[in-house]
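Those protein sequences? They're chains A, B and C, same order as listed.
Letter by letter, the first sequence follows residues 1 to 175 of our numbering.
Letter by letter, the second sequence follows residues 176 to 266 of our numbering.
Letter by letter, the third sequence follows residues 267 to 1238 of our numbering.
Beta carbons are placed, not taken as given, at the ideal position from N, Cα and C, and that holds for glycine.
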Amino acid sequence: MPDLIAKSALGFAPFTLAGTTLAEVDMGQITAIAPFPGQSEALSRALGMAFPAPGAVTQSGDARLVWAGRDIAFLIGPVPPDGLPAAVTDQSDGWVSLALTGACTVDVLARLVPLDLRAAQSGQVFRTALNHLPLIVLVGIERSFTLLTYRSMAKTAWHEITEAMVKVGARAATG
Amino acid sequence: MRLTCPLCGPRDRREFYYYGAADYLRRPAEGASPDDWNDYLHNRDNPAGLTQDLWYHEQGCCAWLKVTRNTVTHEIVAVEAVAVADAGGAA
Amino acid sequence: MRIDGKGRIDRTRPVTFRFDGCTYAGYKGDTLASALIANDVRVVGRSFKYHRPRGILTAGSEEPNALVEIIGPSNQTPNTRATVQELFEGLEVRSQNRWPSLGFDLLEVNDLVAPFLSAGFYYKTFMWPRRFWEGLYEPLIRRAAGLGSLSGRHDEGVYEKAWAHCDMLVIGAGPAGLMTALTAARAGADVILADESSELGGRLLSDEAEIDGAPAVEWVAGVVAELTSMPNVRLMTRTSVTGAYDDGTFGALERVGLHRRPRPNLPRECFWRIVAKRSVLAAGALERSVAFEDNDRPGVMMASSLPTYLNRYGVVPGKRIALFTNNDSARATARSLMAAGVEVAAIIDSRTDAPDEPGMVVHKGAQVVRARGRMGLREITIAKGGTQTRLEVDCLGVSGGWNPTLHLTCHMNGRPRWSDELAAFVPNEGAIPGMMVAGAANGTFSTHGCLAAGAEAARASLEALGLGSGAVDLPQTTDAPYNIAPLWQVPGKGRAWLDFANDVTVKDVALSAQEGFRSVEHMKRYTTQGMAPDQGKNSNVAALAVLADATGRGIVQTGTTTFRPPYTPVSIAAMGAGGRGDGFAPQRFLTSDQASRDRGAPMIETGLWYRPSYFPKPGETTWREACDREVSMVRSSVGVTDVSTLGKIDIQGPDAGRFLDFVYSNTVSTLPLGRVRYGLMLREDGHVLDDGTCARLGEDHWLMTTTTAAAGLVMRHLDFVQQAFCARWRVRFASVTETWAQFAVAGPLARDLITSELGRAPGLPFMGCTTVTVQGVQGRLFRISFSGEEGYEIAVPTRYGEALFRDLTARAETMGGGLYGMEALNVLRIEKGFITHAEIHGRTTAFDIGMERMVSAKKDCIGKAAAARPGMTGPEREQLVGLTPLTDSPVTAGAYLFAQGVALTRENSAGYITSVGYSPTIQSHLALGFLKDGRARHGETLRLIDRLRGVDVLCAVVDPVFHDPKGEKLRA
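Following this line, the structure appears as structure tokens:
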């Protein structure tokens, strides 16, 4: 056990309003895997999971391989084996993960994200922006979303999302 | 304005960073003449009509894109990846 | 005056409001305008220039006269259109542009001297003396002009921005828009129907049309109910689509909280960005006036506003009303008024062949030549043939025809087309890609025509979307005739108004033409026609016709001005929603942020990051004291600072070395494992892009660091180089800036501190790197220095950053060391002559900073060819030098260098200063700067001049490395 104390990006209690909740979540191990040219099939074999098409996630047991940009995917869950035909970087500490769940998630994100998320399907992933912040959107079931942005920007992300929730909540309360 | 990223699909222009003319892709070989370098670095057409320029999907997949557009009508004629993504194929 | 039994207001819910300090009553569902009319308030504002009393002209968002200030708890909104503002309990309203009161306005004197105040008066009069302009004329004019006022306080109101997406955006919910939306929605399209009003229905709510044998409002109710029930339809009331932009993007402003009592957190307005695959503009048409003498008197209104006030709000603005028209559309108005028991004194119809109207007096071939009644219409003068008669009326409805609301079709450079048949501009097809125009907006003015056009627009749009045919049964309704005979102005001597909001008269336009401003664009600017908040919606076409007359050209030859966004005013607060305070820009916080603030460090913004400026100690009264102490501490014992903001890019692959050699000017691929090398990166144009270190972590594994400022820039650059020039190379990279917390440990005791932290000696040579275990955590250790002292940078995964920072701090303090901030860091690097982006500011070459030997001759690299161009090297270049003042005086960054004795002119400038600081080590102020042929001029004395800050100091030119020039301390 390390003697240094680990801290999460925020350490905030979940925020709930209008049946919608924002909470910091621990995604565990996140590893960026970027196959070298021509190596994505070899990589898929080595990992036992297909390298995902843009906007897609492939899954094997508890492990998810999440498309995260041009020629790069995030392995979420296990530590990858050595010797992959790819650049491999540990990204576990680079991101803050926020779960947005509940009734008004799509309305809240419509204030922040320039994408149409109304018809987003579980298992889709988008790289986009949350206002000015870089953003990875993982779509979950029942219109829940996991939002990843740079860890150093966690407080701004929290501020922007909760502010949108407050406005959406005030609209809902007004009817 | 919207650009259809070959990987991410149609996106608002605020996800993209504009760089400049697509001429930047035709880098002279090592040892090319100063005139070639001068052309490459400095000389640009300013057409009323079709033009090609480079955009970076910075708030997205980080692909560099070559956009063909019409400076008169603002029509986006084509958006192509500067380098075809190897892994995962097209969307 | 309120009419019993009419209107769509809720008479069970009375509402009180205040206007200019008086309390009035209205009902829920009223607009401010309808409630003022119900209370017989006739004068609601003063005109812009002549301060003439003005009344309500229209019933819509185009209103030019009834602009008022809404007084809120935290804000004061000027220029609110009373015709748009809905009534709510406690609404507080103030008229504007008058002093001391609406009834008695001292500046009405302007109206008396109007002959001198014609268009161009200010340009002609306030020319000289020139010095009077700023001190006298401008303040005077500003006080007299302007519309409304702000509170002068910060607007604490909440605003919102949002995105919406759809297959089809339908703009306007009158007969055409409703029919479009219904047809498209039934076919399964994802539809947004936006309308600026509080209620859907458009003119069907005002005019007493019949659809399928029943009142049109019943058909509206049925359609709205059906649309409301459909999951694929989003109805956006109180939402004005304000702009059409490229690729199906629209701007729209929703009034969210403006129509109700303020509630905490409820946005006042929301600015929508709507992305639509197809759009249908069904925004209707705007009635236009006819210019005649004093046609701006309160009580002269647009004819079509009368049925709106009657049928939507149950009010009429007069007891005895006349109508002045040149087309058939006002006839239904007359019938509506008469059926409601209002006296219609006469219809003055300019057409000699005008139809009769049973039970009414119709003056055919007649014109209204003058209105009388300064504070409210009393009488009109009617001319017919050669005779004039006077008619006592308190309200005149004017209809000079209709202008299609085609503004959005002009937002992408489209120009409308003149229709002689309609005597109006109509939109050109395809002016906005993907947009169709339907109904009155397209010049189709009958209800039947609108319904048919709406269905057709839906059909064509659905086909384009691949969503089938969208066939529907068209409801049965009337196809009333229009029959317009153009009439723009009534001849006469007096002033006849075109643009009510900006006080532009027929004479002003004629004067413009007479003085040579004959182009429509020149006339607009000369007279300010169409430049008021209504943007000429009520007057542009008439002004154009008057200009065409004055210049002897047709309207087609005269042309038209372009409509630009926004269609109706959009508050800047809505467009900038959320962008203040913490929402102004992303804030990036270090893991050490709280620990630094705990110690009282002022945090400064560096890019988006917040970094400690310095760490004050008890007794220190200035930042300089703290900074000097921190610099001395690093030079004498050990200092710790957070350097996690530096960009870190992890680069891997068999071709990584080759790639690094291509992007760095110097050779990096030859670096042995476990070593770090300084690297210089050029732009392709030969100037320095960035500098930093590159560490070899493994055979095919490298870690590049960038400056804080250029981290994003370098990542973008690497992506470009890789994708554009070497896509097939086996190299990939990823930013790991955020994944590592990294701290610099510098000073003669740095090694001791690292030893204490690791529990073992680091055993690293200068420019070495290794993996380490820090208190049980896997980390990395680099022996690099940005201070000139023996220095290390120790990195751990970010989650452990705060713990390591606190631990390092505590250990440093037991050794007589401690934390240092950005100020000390800057002084330390200046003492050592290390550069930052103050020096590599985009115009410096490798030669300028003395690093021309770092552009390797053995390989190609980005920027190599351009760096070798003539002019990029040589004695004409300004080169990096150090400077020390001869006296103990501060120097400033941004100052210029001059040889002694030369005139202080731009041509004589020999260089400039980029960085300054006081060095407690050297005990002198120091500067880094660029000096022409500087490396050959060490030892010279120059004048350092900063005229902005009054600095004029003699300085000695020295080597830029002030401290430990041989680097013995670094390598210790």
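Terminal residues of the alpha helix (DSSP H) in which residue i lies
i, result
"residue 134(A)", "Premise fails: residue 134(A) lies in the beta strand (DSSP E), 133-139, not in any alpha helix (DSSP H)."
"residue 1207(C)", "Element bounds for residue 1207(C): not the alpha helix (DSSP H) but the beta strand (DSSP E), 1207-1212."
"residue 862(C)", "859-864"
"residue 1020(C)", "1016-1024"
"residue 1218(C)", "No alpha helix (DSSP H) contains residue 1218(C), which is instead part of the beta strand (DSSP E) from 1217-1224."
"residue 1045(C)", "That residue, residue 1045(C), is in no alpha helix (DSSP H); its beta strand (DSSP E) goes 1043-1048."
"residue 1245(C)", "Here chain C has residues from 267 to 1238 only, and residue 1245(C) is not among them."
Burial state of residue i (16 or more Cβ within 10 Å)
i, result
"residue 780(C)", "exposed"
"residue 193(B)", "exposed"
"residue 278(C)", "exposed"
"residue 904(C)", "buried"
"residue 980(C)", "buried"
"residue 369(C)", "exposed"
"residue 91(A)", "buried"
"residue 742(C)", "exposed"
"residue 221(B)", "exposed"
"residue 627(C)", "exposed"
"residue 483(C)", "buried"
"residue 353(C)", "buried"
"residue 285(C)", "buried"
"residue 1119(C)", "exposed"
"residue 850(C)", "exposed"
"residue 786(C)", "buried"
"residue 351(C)", "buried"
"residue 5(A)", "exposed"
Within chain C, partners of residue i - CB distance below 8 Å
i, result
"residue 209(A)", "Because chain A spans 1 through 175 in this model, residue 209(A) falls outside it and cannot be assessed."
"residue 163(A)", "844, 849"
Closer than 7 Å at the beta carbon, the chain B residues around residue i
i, result
"residue 950(C)", "216"
"residue 127(A)", "183, 235, 236"
"residue 510(C)", "Chain B residues near residue 510(C): none, gap ~12 Å exceeds 7 Å."
Partner residues on chain B for residue i, Cβ-Cβ distance less than 8 Å
i, result
"residue 114(A)", "186, 187, 189, 190"
"residue 134(A)", "234"
Span of the beta strand (DSSP E), counted from its first residue to its last, around residue i
i, result
"residue 88(A)", "86-90"
"residue 546(C)", "535-547"
"residue 270(C)", "Unbroken run through residue 270(C): none, as it is neither H nor E."
"residue 1010(C)", "1006-1012"
"residue 1059(C)", "1057-1063"
Contacts of residue i in chain B (Cβ-Cβ under 9 Å)
i, result
"residue 986(C)", "194, 199, 229, 231, 239, 257"
Partner residues on chain C for residue i, Cβ-Cβ distance less than 7 Å
i, result
"residue 106(A)", "What residue 106(A) touches in chain C: nothing, since even the nearest Cβ is about 11 Å away."
"residue 202(B)", "991"
"residue 111(A)", "426, 427, 428"
Per-residue contacts from residue i into chain A (C-beta, under 9 Å)
i, result
"residue 1239(C)", "Because chain C is modelled from 267 through 1238, residue 1239(C) falls outside the range shown and cannot be assessed."
Listed by chain order, chain C residues near residue i by CB distance under 9 Å
i, result
"residue 195(A)", "An answer regarding residue 195(A) cannot be provided, because it is not within the stretch 1 to 175 covered by chain A."
Could I get the ranges of all uninterrupted alpha helix (DSSP H) runs contained in the segment 780-853 of chain C, with 4 residues as the minimum, in chain order? As far as the segment 780-853 of chain C is concerned, its whole alpha helix (DSSP H) runs of at least 4 residues are 786-793, 806-817, 821-824, 838-841.
Between the segment 54-83 of chain A and chain D, which residues of the former have CB atoms less than 7 Å from a CB of the latter, in chain order? Structure shown: chain D not included; protein chains present are A, B and C.
Report yes or no: do three or more beta-carbon pairs, one from the segment 726-737 of chain C and one from the segment 459-471 of chain C, lie closer than 8 Å? As far as the Cβ criterion goes, the segment 726-737 of chain C does not touch the segment 459-471 of chain C, which means the pair count is below three.
Does the segment 610-617 of chain C come close enough to the segment 525-534 of chain C that 3 or more CB-CB pairs lie under 8 Å? No: fewer than three Cβ pairs fall under 8 Å.
Check whether the segment 986-1001 of chain C touches the segment 5-25 of chain A, taking contact to mean three or more Cβ pairs, one atom from each stretch, closer than 8 Å. Counting C-beta pairs closer than 8 Å gives fewer than three between the segment 986-1001 of chain C and the segment 5-25 of chain A, which falls short of the contact rule.
The segment 182-196 of chain B / the segment 152-172 of chain A touching (three or more Cβ pairs under 8 Å): The answer is no - the segment 152-172 of chain A does not touch the segment 182-196 of chain B, with fewer than three Cβ pairs under 8 Å.
Check whether the segment 708-717 of chain C touches the segment 430-444 of chain C, counting contact only when three or more Cβ pairs, one atom from each stretch, lie closer than 8 Å. Contact between the segment 708-717 of chain C and the segment 430-444 of chain C is present, because at least three Cβ pairs lie under 8 Å.
Any beta strand (DSSP E) of 3 or more consecutive residues that is wholly inside the segment 730-772 of chain C: Segments of the beta strand (DSSP E) lying fully in the segment 730-772 of chain C: 763-765.
Taking contact to mean at least 3 C-beta pairs separated by less than 8 Å, is the segment 917-934 of chain C in contact with the segment 1073-1085 of chain C? Result no; under three Cβ-Cβ pairs closer than 8 Å.
Below 8 Å, can you find three or more Cβ-Cβ pairs linking the segment 555-573 of chain C to the segment 748-755 of chain C? Touching, per the Cβ criterion.
Does the segment 138-156 of chain A come within contact of the segment 80-89 of chain A, defined as at least 3 CB pairs closer than 8 Å? Output reads no: the segment 80-89 of chain A does not touch the segment 138-156 of chain A.
Taking one C-beta from the segment 1173-1182 of chain C and one from the segment 1120-1135 of chain C each time, how about it: are there three or more such pairs within less than 8 Å? By the Cβ test, the segment 1173-1182 of chain C is not in contact with the segment 1120-1135 of chain C, since fewer than three Cβ pairs between them sit closer than 8 Å.
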